[in-house]
Every structure is written in structure tokens, then in C-alpha cells.
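Residue numbers (our numbering): 787 to 873.
Virtual Cβ for every residue (Gly too), placed ideally from N, Cα, C.
This structure is a prediction, so every number in the text was calculated from the model and none was measured.
Here the structure comes first, spelled out in C-alpha cells, and everything after it is commentary.
Put into C-alpha cells, the structure is as follows:
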């Protein structure tokens, strides 16, 4: 078990984008948080000290799978360097 849940900041949709934004466009920086007692959801604070309130789970995150990196394997996402150092 990697012991961490991945959550992300939500990026506001830019008004000038003619076609609707894709789900990946709305994923801001991805952060790690220790899991709650269930082992599946993020606890209240990320490893870099941000509140997880309002940060949805990162798509594809599976915190219970052994040997996995803490971040989801999505091309082009931004990983919080402070959270990554703490894992």
C-alpha cells in the first residue's frame, strides 16, 4: 500500500475556450495526503500543509494498491514537489 491519497486543485475553466474543457484541463497541481481511517480517502491536510477541503480525488488514484506511486498515472499532470519529497 502506498499509504497516500492523491487530490488535486481545481482549475477554473478559461472563458475564452470555445469547446468545453476536458477533465484533464481542470486538474491543477496534484498533492499527496495521508489516507483517512478507511485507507481510501484523503485525510484533512496534504503533505505540504494545504487543506484537502475542496480538493477532489485525482482521477485514477488507487491508494490501496501495493507498489504504486502516490500520484495517478495521467500524462501531463503537475505534481506538488513538496508533497513528493515527503513521500
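* Asked: Can the beta-carbon of residue 928 be found less than 7 Å from the beta-carbon of residue 814?
  -> Because the chain here runs from 787 to 873, residue 928 falls outside it and cannot be looked at.
* **N- and C-terminal bounds of the beta strand (DSSP E) containing residue 819** => Residue numbering aside, residue 819 sits at position 33 when the chain shown is read from its first letter. Its beta strand (DSSP E) spans residues 813 to 821.
* C-alpha gap between residue 827 and residue 836, whole angstroms -> Within the chain shown, residue 827 is the residue found at index 41, counting from 1. Within the chain shown, residue 836 is the residue found at index 50, counting from 1. Using only the alpha carbons, I get a separation of about 16 Å.
* Asked: In three-state terms, what does DSSP make of residue 910?
  -> Because the chain in this structure spans residues 787 to 873, residue 910 falls outside the shown range and cannot be described.
* **Residue range of the unbroken alpha helix (DSSP H) whose run includes residue 867** => Locating residue 867 in the chain shown gives position 81, where the first residue counts as 1. Counting along the chain, the alpha helix (DSSP H) containing residue 867 begins and ends at 867 to 872.
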